[in-house]
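Worksheet for the structure shown next.
Residue numbers (our numbering): 17 to 492.
The following block contains the structure:
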């Protein structure tokens with residue numbers, strides 16, 4: 017515990033913007049991954065700031081850790097288990113392991129059915145609620161569905177109204193945006209969109225200890241106007257794409273931040289993106305952009321990115337071939353990908369990174385060979401000294417998308433297809449792939465219900481190795 021306190025003190029000393037609100041309504045806001053990852057989450061930071069701006073309310077942060085002893089909050093050093101409400105922000109399926117590990121370390125019963133009035137009320141929310149929150153159901157008293165900004169006030173009002181837990185469950189279950197497993201079973205309510213006037217989301221704290229470094233995060237848009245069939249954040253989700261005016265974005269960026277990260281599902285689709293980047297650079301800040309669409313890359317945009325400190329241009333093909341991209345409604349042509357390489361060379365950038373999925377429905381070896389041909393053309397266009405990197409992710413179908421229910425192609429088949437890409441690249445392209453085994457685990461959770469969450473709990477109890485997950489899922 018002494019080591020963890022020293023680590024917390026060191027990190028606090030490097031943070032800018034810590035909030036220390038006062039109020040009788042206290043919440044431990046927990047990220048179920050280590051501190052650097054949690055502090056790079058715009059959603060986590062947004063909820064932290066929003067809770068602390070509610071009247072008579074204060075929230076303190078805590079994170080998953082391998083340290084022994086109680087889970088401590090950063091703002092006061094209190095044990096998170098001492099708070100009447102513990103709220104988790106979960107982004108990905110595999111973070112369920114961090115959730116159960118953190119609850120265990122806190123001494124809080126992991127299963128909601130086993131908690132009593134003396135235990136904290138456990139709230140779960142985050143990006144995972146847009147696709148499949150059902151594996152979270154065994155562990156949560158309530159799950160906040162979708163964009164939580166305007167749900168926080170009614171949630172906190174109910175939780176601190178002095179009612180017993182059963183009445184809290186009933187009250188929340190009757191309100192839009194709250195999934196209460198003990199009441200709803202597996203019947204999910206709709207996700208909720210926040211009001212436009214509550215945008216943009218932006219960092220409360222920036223620190224060099226975050227995974228993205230000393231970067232202040234802000235969203236110039238939310239959602240997406242596109243219809244990519246594999247994406248949870250497609251145009252039918254939460255009212256599609258909502259733009260934030262440039263002046264409103266700039267007004268939220270504090271003086272003194274060295275780097276600004278523009279975050280969103282389709283940032284480069286913002287019609288004033290070049291104007292916004294230029295205005296940020298004029299303040300002396302570097303700029304990062306979370307999503308660059310190949311068909312939106314222009315000389316002006318790439319030049320602005322270079323002025324903002326870019327040394328690598330990153331974009332996505334997603335589908336390996338023109339045919340697959342059409343079927344995925346991706347609307348990215350090979351000419352867009354080749355143009356990205358040309359823009360890199362013209363702007364003096366030496367590195368281009370391309371993302372692609374393998375194992376999408378209907379994919380075959382000819383599609384992969386077409387991708388290799390395109391990549392080799394890009395490598396030539398980059399010119400001498402240019403480097404092309406390919407980042408490969410196995411396709412995992414998500415609920416609430418047109419491809420929901422599509423089977424995973426298999427671990428061995430993913431590995432074979434990645435090997436084909438590596439062979440075709442012939443050492444001229446740096447090919448890196450995420451684990452096919454852990455993609456299989458993600459797939460089991462992405463398509464599963466509450467039993468899948470219980471299987472993840474069982475796997476964690478047995479060491480959380482891939483073998484433990486495989487045994488647990490077989491026992492479902």
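For glycine and all other residues, C-beta sits at the position ideal for the given N, C-alpha and C. Keep in mind it's a predicted model, so treat the numbers as computed, not measured.
Applying the 10 Å Cβ sphere with the 16-neighbour rule, what's the burial state of residue i?
i, result
"residue 184", "buried"
"residue 383", "buried"
"residue 376", "buried"
"residue 114", "buried"
"residue 346", "buried"
"residue 157", "buried"
"residue 492", "exposed"
"residue 400", "exposed"
"residue 91", "buried"
"residue 279", "buried"
"residue 327", "exposed"
"residue 84", "exposed"
"residue 315", "exposed"
"residue 433", "buried"
Roughly how many whole angstroms lie between the Cα atoms of residue i and residue j?
i, j, result
"residue 476", "residue 265", "41 Å"
"residue 17", "residue 152", "Low confidence applies here, because residue 17 scores a pLDDT of 47, under 50, leaving its location unreliable; read the following figure in that light. Between residue 17 and residue 152, the C-alpha separation is close to 29 Å."
"residue 203", "residue 488", "24 Å"
"residue 52", "residue 227", "5 Å"
"residue 20", "residue 94", "12 Å"
"residue 391", "residue 231", "31 Å"
"residue 471", "residue 485", "7 Å"
"residue 289", "residue 317", "8 Å"
"residue 412", "residue 424", "6 Å"
"residue 364", "residue 25", "42 Å"
"residue 305", "residue 253", "22 Å"
"residue 241", "residue 445", "32 Å"
"residue 130", "residue 353", "53 Å"
"residue 132", "residue 125", "9 Å"
"residue 105", "residue 454", "21 Å"
"residue 256", "residue 34", "32 Å"
Ignore the nearest five residues each way along the sequence and tell me which others in residue i's own chain have a CB closer than 8 Å to its CB.
i, result
"residue 212", "258"
"residue 30", "223, 224 and 225"
"residue 349", "311, 338 and 341"
Looking at C-alpha atoms only, which residue of the options is the closest neighbour of residue i?
i, options, result
"residue 63", "205, 352 and 168", "168"
"residue 406", "387, 344 and 358", "387"
"residue 268", "220, 310 and 192", "220"
"residue 72", "91, 82 and 42", "42"
"residue 420", "344, 187, 236 and 241", "344"
"residue 260", "243, 287 and 250", "287"
"residue 207", "173, 166, 236 and 218", "166"
"residue 23", "82, 461 and 38", "82"
"residue 449", "468, 372 and 398", "372"
"residue 523", "333, 263 and 367", "The structure shown has nothing for residue 523, since the chain only spans 17 to 492."
"residue 447", "437, 456 and 455", "437"
"residue 216", "163, 234 and 188", "234"
Leaving out five residues before and five after residue i in sequence, what residues of the same chain have Cβ atoms less than 7 Å from its Cβ?
i, result
"residue 312", "284 and 285"
"residue 67", "43, 45, 73, 75 and 168"
"residue 111", "48 and 49"
"residue 170", "191"
"residue 378", "340 and 343"
"residue 175", "101, 137 and 184"
"residue 143", "59 and 107"
"residue 469", "112, 151, 152, 153, 154 and 155"
For residue i, does the three-state DSSP call read helix, strand or coil?
i, result
"residue 399", "coil"
"residue 286", "coil"
"residue 382", "helix"
"residue 176", "coil"
"residue 460", "helix"
"residue 135", "coil"
"residue 163", "coil"
"residue 17", "Here the model assigns residue 17 a pLDDT of 47, short of 50, so the residue's position is not dependable and the matter cannot be decided."
"residue 470", "helix"
"residue 196", "coil"
"residue 74", "strand"
"residue 81", "coil"
"residue 69", "coil"
"residue 302", "strand"
"residue 232", "strand"
"residue 349", "coil"
Please work out which residues of its chain come closer than 6 Å, Cβ to Cβ, to residue i, disregarding the five sequence neighbours upstream and downstream, and give them in chain order.
i, result
"residue 122", "87, 96 and 97"
"residue 303", "276, 293, 296 and 324"
"residue 385", "none"
"residue 431", "452"
"residue 467", "492"
Examine the ligand COA and report whether any of its heavy atoms sits within less than 7 Å of the Cβ of residue i.
i, result
"residue 196", "As for the ligand COA, it is missing from this structure, which has no ligand bound."
When the cut-off is 8 Å and only beta carbons count, does residue i lie next to chain B?
i, result
"residue 474", "Considering every chain present, this structure includes no chain B. It has just one protein chain."
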